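Quick note: the sequence shown uses the numbering used here, first residue 11, plus one each step.
Input: a single structure, listed below in structure tokens.
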Amino acid sequence: MTELVHDNEPSALTVVIQQLARVLEIPADQLAPDDRLAYLPNVDSLRLMDAITAVESMSRVKLSEDDLVTARTVAQLAALVESARTTDAKRDRS
Numbered sequence: 011m012t013e014l015v016h017d018n019e020p021s022a023l024t025v026v027i028q029q030l031a032r033v034l035e036i037p038a039d040q041l042a043p044d045d046r047l048a049y050l051p052n053v054d055s056l057r058l059m060d061a062i063t064a065v066e067s068m069s070r071v072k073l074s075e076d077d078l079v080t081a082r083t084v085a086q087l088a089a090l091v092e093s094a095r096t097t098d099a100k101r102d103r104s
């Protein structure tokens with residue numbers, strides 16, 4: 011089930027899981043928030059970057075490389091996306 015947040019957008023965690031599942035060609039229900047990105051099935055650096063690019067596109071955010079290197083788990087990546095969404099929303103209201 012897709013969790014919706016502001017303006018009927020899916021939650022950051024939902025987007026991250028959906029895109030990782032799509033790019034890595036695994037069922038989304040096999041991914042958990044505490045899964046380590048480096049140990050996901052079928053993962054390699056190119057596929058991970060493809061998934062991150064898709065997440066950025068769907069979420070309409072740009073994640074910095076400095077932030078990305080700190081994300082070790084699915085939940086940490088989702089937290090970065092949510093933080094970027096919040097920052098962008100605040101900037102848009104200014």
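Just so it is clear, CB atoms sit at the ideal spot from N, CA and C, and this is done for glycine as well.
Bear in mind the structure is a predicted one, so any value in this text is a computation, not a measurement.
Inter-residue CB distance, residue i and residue j (contact presumed, cutoff 8 Å)
i: T71; j: L30; result: Sequence check: residue 71 is Val here, not Thr. Wrong, their Cβ atoms sit about 16 Å apart, outside the cutoff.
i: R34; j: R57; result: Here residue 34 is Leu; the residue named in the question, Arg, does not match the sequence. Contact holds; Cβ gap of about 6 Å.
i: A81; j: L47; result: 7 Å
DSSP three-state assignment for residue i, whether helix, strand or coil
i: R46; result: strand
i: T80; result: coil
i: L56; result: helix
Proximity winner among the options, relative to residue i (alpha-carbon distances)
i: S69; options: Q86, A38, P37, E92; result: E92
(request) Taking 8 Å as the threshold, find out whether the stretch 56-66 comes into contact with the stretch 28-42 through three or more Cβ pairs. (result) yes
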